[in-house]
Structures are given as structure tokens and as C-alpha cells.
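First up is the structure itself, then whatever we jot down about it.
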């Protein structure tokens with residue numbers, strides 16, 4: 001099943017990229033979501049409509065969970081569920097940055113089995129299927145084997161390194177940041193950075209695809225407490241995410257409050 005779903009996700013991501021990039025440089029309609037949930041644009045909704053039509057017509061029995069769709073009451077009972085972020089990094093998309101992504105995943109019984117993170121403006125297609133490894137533009141990728149926090153490169157927002165989050169001194173990471181969570185996770189899977197960390201409640205559509213790509217690249221993923229990530233929850237959030245190679249991940253979990 002994962003091998004069957006992956007080409008479908010790749011084709012859908014490419015179609016999404018073609019549509020989204022057609023909005024670049026044009027006049028976007030944008031507004032803010034309720035409850036301070038961030039901005040959305042007409043491009044987000046158009047991409048969401050395209051993905052839902054293409055994916056659900058191919059897999060009508062699958063449930064649907066997307067940042068830009070109403071709640072699907074049938075997804076909890078569906079055998080598999082699509083988890084989709086039509087444009088991850090909408091603020092960057094609005095600002096004219098190139099570092100935004102389409103994040104597409106299939107989840108089976110809480111576990112991601114096929115995943116794509118596609119950055120059309122950078123021509124980067126990260127993909128994975130369970131048991132088949134992870135690739136970037138078709139070439140296998142592998143996560144870093146860095147084994148300690150000292151000097152490790154970390155993708156994280158600045159507040160993640162505040163003292164109250166750590167049991168002892170704040171580790172001497174080399175911190176960097178990217179606006180898209182899906183892209184951050186993929187960069188760790190690629191080995192360009194050693195680890196990624198966010199301690200806030202995190203929406204599943206931001207991280208589901210990256211979770212599998214990381215695991216298939218040899219990294220370990222968990223919530224901030226070290227618990228295995230499970231997806232398609234009734235409330236589609238997880239308690240933060242820690243991602244790194246096995247030894248570095250263990251050290252990070254041990255150091256966090």
C-alpha cells in the first residue's frame with residue numbers, strides 16, 4: 001500500500017506546485033483565520049481544492065484531514081487518511097519567499113506510510129514510503145549521525161533555547177531557522193542540519209509528512225516527552241516534536257524539562 005500511494009502523492013504535489021506558483025507575483029487575496037490561527041490566501045484554498053479532488057477521487061475510501069478543510073467526521077473510522085498542508089509557510093508565500101512547501105501524507109492506524117514534501121520554487125521533492133527509504137529528487141538521503149548537542153546544528157525558533165525548557169545549561173547548539181515546519185524536518189532528513197525542535201502544540205498537517213521522511217532517513221522522531229508520534233488524532237495536534245539521529249535525539253530528550 002505505501003508503494004502504491006507514493007506515486008499518487010508525488011503527482012498531486014507536482015500539480016499543486018504548478019497551481020501555487022501561478023499565483024506568485026500576482027495579487028493575492030489574504031485574510032486572517034479566527035482564533036489567531038494565522039493567515040490564509042485564495043492560493044491556499046485553490047491548492048486545497050485541487051488536492052482534495054485529485055487524491056480523494058483516486059482513494060475514495062480514505063479519510064481527509066487538511067489545514068484548509070472543514071472537519072471530516074468519517075476520518076476516524078477510515079482505513080487510511082490523507083493529512084495535507086496545501087501550503088506550509090503561508091506567511092513566506094505571501095512575502096514572496098521561495099521556502100514554502102506542499103506537505104502530503106497518508107496515515108494508516110496512526111502511522112504515516114507514504115509522504116511527500118515538495119518545494120516547487122526550489123525544485124525540491126522529498127519523499128518516502130514505509131520500508132523503502134527516503135529520497136530527495138529521487139536520490140537516497142540520510143540523516144546526520146551527530147551524537148551530542150555540543151556544536152550540533154539545530155533548526156528551531158529562538159524561544160526553544162530559553163532556559164526554562166532545559167534541565168541544566170542550555171545546550172550549545174548552532175541555531176538556524178526556516179519558516180516551513182515541513183521543510184525544517186526535511187532538511188534534517190537530508191543531513192543538512194543535525195536536529196529540529198519545537199516545543200509548542202503542533203498541528204499534524206505541519207509534520208506528518210516530515211515524520212516519515214525523517215524516520216526513513218534513519219532519524220528518530222518523538223514528541224517533546226520522547227513519546228512516539230501518532231497521527232489522525234481526534235484533536236489533530238501533537239505535543240511538540242524532537243527530530244534527530246538516534247544518539248542526539250536521546251541526549252536532547254534527556255536534557256529537556
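Numbering (our numbering), first residue to last: 1 to 257.
Backbone N, C-alpha and C define an ideal beta-carbon position, used for all residues, glycine too.
Exposed unless 16 or more other CB atoms sit within 10 angstroms - verdict on residue i
i	result
residue 21	exposed
residue 18	exposed
residue 151	exposed
residue 178	buried
residue 27	exposed
residue 236	buried
residue 243	buried
Supposed close pair residue i, residue j - CB separation, criterion 8 Å
i	j	result
residue 94	residue 41	6 Å
residue 238	residue 204	7 Å
residue 172	residue 210	In fact, because the Cβ distance is near 25 Å, the residues do not count as touching under 8 Å.
residue 107	residue 232	5 Å
residue 8	residue 58	6 Å
Beta-carbon spacing of residue i, residue j below 8 Å
i	j	result
residue 196	residue 184	yes
residue 149	residue 251	yes
residue 13	residue 136	no
residue 167	residue 255	yes
residue 194	residue 161	no
residue 212	residue 130	yes
residue 2	residue 113	yes
residue 110	residue 230	yes
residue 198	residue 157	yes
residue 76	residue 234	yes
residue 39	residue 68	no
Own chain partners of residue i with C-beta closer than 7 Å, once the 5 adjacent residues on each side are dropped
i	result
residue 142	191, 217, 218
residue 101	88, 89, 117, 118, 119, 180, 182, 183
residue 6	114, 127, 129
Proximal residues to residue i (C-beta, below 6 Å), its chain only, five neighbours per side dropped
i	result
residue 34	none
Spatial neighbours of residue i in its chain, beta-carbon cut-off 8 Å, leaving aside the 5 residues before and after
i	result
residue 147	245, 247, 248, 251
Inset, instruction - List in chain order: all unbroken alpha helix (DSSP H) runs of 4+ residues lying wholly within the region 72 to 102. - result: For the region 72 to 102, whole alpha helix (DSSP H) runs of length 4 or above, ordered along the chain, are 90 to 95.
Inset, instruction - Scan the region 170 to 238 and note each continuous beta strand (DSSP E) run of 3 residues or more that stays entirely inside, going in chain order. - result: Here the runs fully enclosed are 174 to 176, 195 to 203, 220 to 222.
Legend entry - Ordered list of beta strand (DSSP E) runs contained in the region 110 to 154, each at least 3 residues: The region 110 to 154 contains, as complete beta strand (DSSP E) runs of 3+ residues, the segments 111 to 119, 124 to 129, 134 to 136 (chain order).
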